[in-house]
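Protein chains in written order, with the working numbering: chain A, 308 to 666; chain B, 308 to 666.
There are 2 protein chains.
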Amino acid sequence: MHMEKVNKAVAFLKDLGLSQMLVSDPAAIFYMTGRWIHPGERFLALCIGEGKAPVLVLNELFQFQEDIGIEKRYIKDTDDITEVLKGIVDPEETLGIDKTMQARFLLAMMEHHTAKAFQNGSFAVDRARAIKDAGEQEKMIKASKINDAAMAQFKTLVRDGVTEKEIADQMLGIYQSLGATDHSFPPIVSFGNHASDPHHEPDDTALKEGDIVLFDVGCVYENYCSDMTRTFFWKNEPTQEERTIYNTVRRANEEAEAMLRPGIPLCSIDKKARDIITEAGYGPYFTHRLGHFIGIEDHEYGDVSSAFSNLTEAGNTFSIEPGIYLPGGPGTRIEDLVLITEDGYRRLNDYPKDIEVLG
Amino acid sequence: MHMEKVNKAVAFLKDLGLSQMLVSDPAAIFYMTGRWIHPGERFLALCIGEGKAPVLVLNELFQFQEDIGIEKRYIKDTDDITEVLKGIVDPEETLGIDKTMQARFLLAMMEHHTAKAFQNGSFAVDRARAIKDAGEQEKMIKASKINDAAMAQFKTLVRDGVTEKEIADQMLGIYQSLGATDHSFPPIVSFGNHASDPHHEPDDTALKEGDIVLFDVGCVYENYCSDMTRTFFWKNEPTQEERTIYNTVRRANEEAEAMLRPGIPLCSIDKKARDIITEAGYGPYFTHRLGHFIGIEDHEYGDVSSAFSNLTEAGNTFSIEPGIYLPGGPGTRIEDLVLITEDGYRRLNDYPKDIEVLG
Numbered sequence: 308m309h310m311e312k313v314n315k316a317v318a319f320l321k322d323l324g325l326s327q328m329l330v331s332d333p334a335a336i337f338y339m340t341g342r343w344i345h346p347g348e349r350f351l352a353l354c355i356g357e358g359k360a361p362v363l364v365l366n367e368l369f370q371f372q373e374d375i376g377i378e379k380r381y382i383k384d385t386d387d388i389t390e391v392l393k394g395i396v397d398p399e400e401t402l403g404i405d406k407t408m409q410a411r412f413l414l415a416m417m418e419h420h421t422a423k424a425f426q427n428g429s430f431a432v433d434r435a436r437a438i439k440d441a442g443e444q445e446k447m448i449k450a451s452k453i454n455d456a457a458m459a460q461f462k463t464l465v466r467d468g469v470t471e472k473e474i475a476d477q478m479l480g481i482y483q484s485l486g487a488t489d490h491s492f493p494p495i496v497s498f499g500n501h502a503s504d505p506h507h508e509p510d511d512t513a514l515k516e517g518d519i520v521l522f523d524v525g526c527v528y529e530n531y532c533s534d535m536t537r538t539f540f541w542k543n544e545p546t547q548e549e550r551t552i553y554n555t556v557r558r559a560n561e562e563a564e565a566m567l568r569p570g571i572p573l574c575s576i577d578k579k580a581r582d583i584i585t586e587a588g589y590g591p592y593f594t595h596r597l598g599h600f601i602g603i604e605d606h607e608y609g610d611v612s613s614a615f616s617n618l619t620e621a622g623n624t625f626s627i628e629p630g631i632y633l634p635g636g637p638g639t640r641i642e643d644l645v646l647i648t649e650d651g652y653r654r655l656n657d658y659p660k661d662i663e664v665l666g
Numbered sequence: 308m309h310m311e312k313v314n315k316a317v318a319f320l321k322d323l324g325l326s327q328m329l330v331s332d333p334a335a336i337f338y339m340t341g342r343w344i345h346p347g348e349r350f351l352a353l354c355i356g357e358g359k360a361p362v363l364v365l366n367e368l369f370q371f372q373e374d375i376g377i378e379k380r381y382i383k384d385t386d387d388i389t390e391v392l393k394g395i396v397d398p399e400e401t402l403g404i405d406k407t408m409q410a411r412f413l414l415a416m417m418e419h420h421t422a423k424a425f426q427n428g429s430f431a432v433d434r435a436r437a438i439k440d441a442g443e444q445e446k447m448i449k450a451s452k453i454n455d456a457a458m459a460q461f462k463t464l465v466r467d468g469v470t471e472k473e474i475a476d477q478m479l480g481i482y483q484s485l486g487a488t489d490h491s492f493p494p495i496v497s498f499g500n501h502a503s504d505p506h507h508e509p510d511d512t513a514l515k516e517g518d519i520v521l522f523d524v525g526c527v528y529e530n531y532c533s534d535m536t537r538t539f540f541w542k543n544e545p546t547q548e549e550r551t552i553y554n555t556v557r558r559a560n561e562e563a564e565a566m567l568r569p570g571i572p573l574c575s576i577d578k579k580a581r582d583i584i585t586e587a588g589y590g591p592y593f594t595h596r597l598g599h600f601i602g603i604e605d606h607e608y609g610d611v612s613s614a615f616s617n618l619t620e621a622g623n624t625f626s627i628e629p630g631i632y633l634p635g636g637p638g639t640r641i642e643d644l645v646l647i648t649e650d651g652y653r654r655l656n657d658y659p660k661d662i663e664v665l666g
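Here's what the structure looks like:
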């Protein structure tokens, strides 16, 4: 049980005017308890609040022996959830609800007056999760170090005629040999014009001379995620257009990173990168946000985008991933993870960004 | 667009006192539109109701060109859902909500008075889905025929020293060679005492003489699922205890199936099988429900269990899967899918249930 993480979330709940909350997102429950429980469609909640000892309410199907230092309340499929919550939730106070709680549980709690009122309280937990503590930062750093080392091995898999899928299928073994447990998301391997589809899924396309080779990949180390993109060239030097696009994306990546420190609006970072790409004439072809927060999940609450004006805080970890995608190609993306520190930032990926011709 | 399926659900909504509903479950939307959309955390809903033309509300990220015969209303991440729903949902009427809709959308709709009141309406859609029409029945039948043919091939993979995982890994290729697209759930391959864990995951355990070999497997054919279990013996005839358990489970399976017809309580089918196992002295070792409904998803709404008193209806498809699991082994399960017909039932699996010694 990570009581310091619970306490951080409870303090942020107070800012929302809430004294209690049912945390139901399995990743948030892992964050606080150190235990993954995947309840499928069944009820699962950690009740937290000011001056409350947390209680974990879970279906008996997911029983476990380990003492995690808090009360576990087991329920059966035939139990009435609202009966179980009596004595756990204070009916005289408003209850924070996780944004993803299933409507059937919320409607039942409303009908039975489980609390005075119900309010989306996820922001408090999301805000706590967005500020990584020293232990979490260490795992994020290590996950990205493994990703750097893996990138160096992935590029050795590249050869004429190999398919995107054949390379993608070998990645998990490499990650595991380096100490990671899994992919943090299905790897993107894009050859040639596929690089101009930011969400391309590896297929049976075979590599040919002159192709771009884009890897957008990440792994999980002790439950924390990495995520990096590099764009290579196969056998031939890039064309003039490819070079211009590559260098524009690189400059957007590096100048956005250079401005990082605590207390700046996340939208201003997106603007920096977007302005560079727009001034180079490629604005319409940078079709996604600059970055996303990351931690236990590859995508966590928090965007580096024009629509997200929250300020950076020390302990934030997010991606900086500008890209230019001309319809029909070429496409390029360069992505690092970064950590906001007390007085600036730390880039978590050291894999070089110079133009690299393979083969 | 399958308007006859929408109309079936709208008629059942009426029984719940509802004139409109937001269907948000992707499988239910596939059921009605023929289109799979996986919105992740984003808003997705099909609005249906009496005298209403259905409207599909989806994020512009999931745009598609195909004309499915109904209006598509695209929204952006920055849009206010409640604004979009004005003119689609009647604010003077109660709105049915899918049981799995995310709390954040429901809370926002409540705050903005999108409807007069909100009610769990999933039962209407679930009830429609539980009654398979002729086209769906055909696909269910074919999916199970493939499963029968696959079972005959799976048993040829069994040899001394092979591991559970090695067999499991070869199954998808066999399914695909027979015309299926995927597993309907991760296959269970259990050797020896692992058969007494009904949810065992295939591991590196190697097969040895005298082991039980249990396969609980299913595939997807044109989006519909199959699911069957057979228990074999490797090289040696079963022991007396193994034989008694096997024959008890087989009798429970066959007698439960023999009683099937429309209009009987689902709990009475569970009782029939459970009584047979209990009378044989193994009651405490039949630790799960007798069966579950199945269709587009491997597990759909509807149980064959003591807690589920709904009546069978023509067009229902569900599993009949009694088992006996002695702690430490042996364990046996025999499972078929069945279809309730106008005047009785049809068993969808023809793979024999006689004791079969492999090797």
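Every residue, glycine too, gets a C-beta built ideally from N, C-alpha and C. These figures come from a predicted structure and were not determined experimentally.
Interface residues of chain A around residue i at Cβ under 7 Å?
i               : result
F425 of chain B : L414
Please report the distance separating the alpha-carbon of residue i from that of residue j.
i               : j               : result
D518 of chain B : D643 of chain B : 23 Å
K315 of chain B : A435 of chain B : 6 Å
I495 of chain A : L353 of chain A : 35 Å
K660 of chain A : T536 of chain A : 10 Å
D650 of chain A : G609 of chain A : 21 Å
R466 of chain A : I641 of chain A : 22 Å
L368 of chain B : T594 of chain A : 11 Å
S497 of chain A : I453 of chain B : 35 Å
C532 of chain B : R558 of chain A : 50 Å
I355 of chain B : S326 of chain B : 8 Å
E400 of chain A : V469 of chain B : 59 Å
M310 of chain B : L365 of chain B : 19 Å
F540 of chain B : P569 of chain B : 36 Å
D397 of chain B : I375 of chain B : 23 Å
I627 of chain A : N560 of chain A : 6 Å
Does the beta carbon of residue i come closer than 8 Å to any beta carbon on chain A?
i               : result
T385 of chain B : yes
Do we get a CB-CB distance below 8 Å when we pair residue i with the residues of chain B?
i               : result
F459 of chain A : It is worth fixing the name first, because residue 459 of chain A is Ala in this sequence and not Phe. No, no contact with chain B.
A487 of chain A : no
At 9 Å on the CB atoms, spell out the chain A contacts of residue i, in chain order.
i               : result
A614 of chain B : D384, T385
If we count the other Cβ atoms within 10 Å of its Cβ and call it buried at 16 or more, is residue i buried or exposed?
i               : result
F625 of chain B : buried
K321 of chain A : exposed
N427 of chain B : buried
Q444 of chain A : buried
A441 of chain A : exposed
S484 of chain A : exposed
F412 of chain B : buried
A614 of chain A : exposed
N656 of chain A : buried
Q372 of chain B : exposed
K515 of chain B : exposed
P493 of chain A : exposed
G638 of chain A : buried
R612 of chain A : Per the sequence presented here, residue 612 of chain A reads as Ser, with Arg not at that position. Buried is the call here.
Members of the segment 352-376 of chain A near chain B, C-beta cut-off 8 Å:
Going along the segment 352-376 of chain A in chain order, one finds no residue with a Cβ nearer than 8 Å to chain B.
Where the segment 397-410 of chain A meets chain B: residues whose CB sits under 8 Å from a CB there:
I404, D405, K406, T407, M408, Q409, A410
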